[in-house]
Amino acid sequence: MTKYPKEFLELCRSVTAKRPKTVIDHILKHGHVTTEELKDTYGYDHPPRAARDVREHGIPLETFRVEASNGRKIGAYRFGDPTKIRLKRFDGRTALSKELKEQLIAKYGCKCFIYLEEMDERVLQIDHRVPYEVDGDDKGGTLDPEDFMLLCGSANRAKSWSCEHCENWTTTKKDKNVCLSCYWAYPENYSHVAMKQVRRLDLIWEGEDVAEYARLKEDAASYGASLPDFVKEIIRRQLEK
Numbered sequence: 004m005t006k007y008p009k010e011f012l013e014l015c016r017s018v019t020a021k022r023p024k025t026v027i028d029h030i031l032k033h034g035h036v037t038t039e040e041l042k043d044t045y046g047y048d049h050p051p052r053a054a055r056d057v058r059e060h061g062i063p064l065e066t067f068r069v070e071a072s073n074g075r076k077i078g079a080y081r082f083g084d085p086t087k088i089r090l091k092r093f094d095g096r097t098a099l100s101k102e103l104k105e106q107l108i109a110k111y112g113c114k115c116f117i118y119l120e121e122m123d124e125r126v127l128q129i130d131h132r133v134p135y136e137v138d139g140d141d142k143g144g145t146l147d148p149e150d151f152m153l154l155c156g157s158a159n160r161a162k163s164w165s166c167e168h169c170e171n172w173t174t175t176k177k178d179k180n181v182c183l184s185c186y187w188a189y190p191e192n193y194s195h196v197a198m199k200q201v202r203r204l205d206l207i208w209e210g211e212d213v214a215e216y217a218r219l220k221e222d223a224a225s226y227g228a229s230l231p232d233f234v235k236e237i238i239r240r241q242l243e244k
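157 is the number that this note's numbering gives to position 154 of the sequence shown; each next residue is one higher, with no gaps.
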């Protein structure tokens, strides 16, 4: 068993919320926890969210790869440097979530910041523009709505995965300005996606528009093309006109 500093263990024991406590207790006992264990053993369908809960209590976690029971590579989490614990935690997040959400909706509308689509308020979640692991929440006791964004579940999961595998997160770099120029912070104005020179356009179809998606899918199949390639070809032809 790894020996951790007393201060670190006290912080671990102070966490009582079920999801982060589950992750912490498993790592203390086994050294790490895999995304497979979080899903199959504990029923957490979004392991990065469970890991983020731990980090938001000031406890550093590292993400690495292990081999799953079926031989494929999957993610796993273990404690990071215990000397880097954050003693000033964002304890008020849950209490402030409703107020923050109302402020964000009033300013930007009831929409997902990634898909830029109007959505039911119930499916939108509050998320940091700059990951907590990079910038924390210690802003002198005040929370600026501009530091947060509203995301639907699928966008939140995609962002979590991309951010956790970004070099700015996984190394000691942790430069806030890198995050601020990223797609996942400002999809309407960015220069990179997780430090990679790629560009994204995320589209969703819902309600009556689903029929249009079905038609696109059928047309793509008839041309023997994948749906993304087919949509790109349509855009390319339009730009050439």
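Heads up, the beta-carbon is just placed ideally off N, CA and C, and yes, glycines get one too.
Through-space distance from residue j to residue i, alpha-carbon basis
i, j, result
"Cys155", "Lys244", "35 Å"
"Ala79", "Pro134", "19 Å"
"Ile237", "Asp212", "18 Å"
"Ala158", "Glu120", "11 Å"
"Gln128", "Thr38", "22 Å"
"Phe67", "Lys9", "25 Å"
"Arg160", "Lys220", "24 Å"
"Glu70", "Glu59", "27 Å"
"Lys179", "Ala228", "40 Å"
"Ile108", "Glu136", "25 Å"
"Asp43", "Ser72", "12 Å"
"Lys235", "Leu242", "10 Å"
"Leu103", "Lys162", "20 Å"
"Lys101", "Leu146", "13 Å"
"Trp172", "Lys199", "13 Å"
"Arg16", "Ile77", "28 Å"
"Ser225", "Gly74", "36 Å"
Three-state class that DSSP yields for residue i in the structure shown
i, result
"Lys76", "strand"
"Leu230", "helix"
"Thr44", "coil"
"Cys113", "coil"
"Ile129", "strand"
"Lys177", "coil"
"His195", "strand"
"Thr66", "strand"
"Arg16", "helix"
"Glu59", "coil"
"Leu31", "helix"
"Val137", "helix"
Neighbourhood of residue i by C-beta, 8 Å cutoff - its chain only, sequence neighbours within 5 removed
i, result
"Asp222", "Phe233"
"Arg203", "Tyr186, Pro190, Val196"
"Ser165", "Trp187, Val196, Ala197"
"Lys6", "none"
"Tyr111", "Leu153"
Residue nearest to residue i in terms of C-alpha spacing, selected from the options
i, options, result
"Glu105", "Tyr118, Phe116, Glu124", "Glu124"
"Pro148", "Val18, Leu206, His131", "His131"
"Val201", "Tyr193, Lys177, Ile207", "Tyr193"
"Glu65", "Glu102, Val126, Glu13, Thr174", "Thr174"
"His168", "Ser184, Leu107, Pro51", "Pro51"
"Asp56", "Lys76, Tyr226, Val18", "Val18"
"Leu183", "Ser163, Ala224, Asp138, Leu146", "Asp138"
"Gly61", "Val181, Val126, Glu13", "Glu13"
"Gly210", "Val181, Trp172, Met122", "Met122"
Sequence-distant residues of its chain with Cβ nearer than 6 Å to residue i (five each side left out)
i, result
"Ala53", "Arg22, Val26, Leu41, Tyr47"
"His29", "Val36"
Own chain, CB closer than 7 Å to residue i, minus 5 neighbours either side, in chain order
i, result
"Tyr216", "Trp208"
"Lys176", "Glu170"
"Leu230", "Leu219, Lys220, Ala223"
Notebook entry, point to check: Does the pairing of the stretch 46 to 57 with the stretch 19 to 35 give three or more beta-carbon distances under 8 Å?
Noted result: Yes, since at least three Cβ pairs between the stretch 46 to 57 and the stretch 19 to 35 fall closer than 8 Å, the two stretches touch.
Margin query: With a threshold of 8 Å, are at least 3 pairs of Cβ atoms found where one atom belongs to the stretch 109 to 123 and the other to the stretch 149 to 168?
Written below: With a cut-off of 8 Å on Cβ pairs, the stretch 109 to 123 is in contact with the stretch 149 to 168, counting three or more such pairs.
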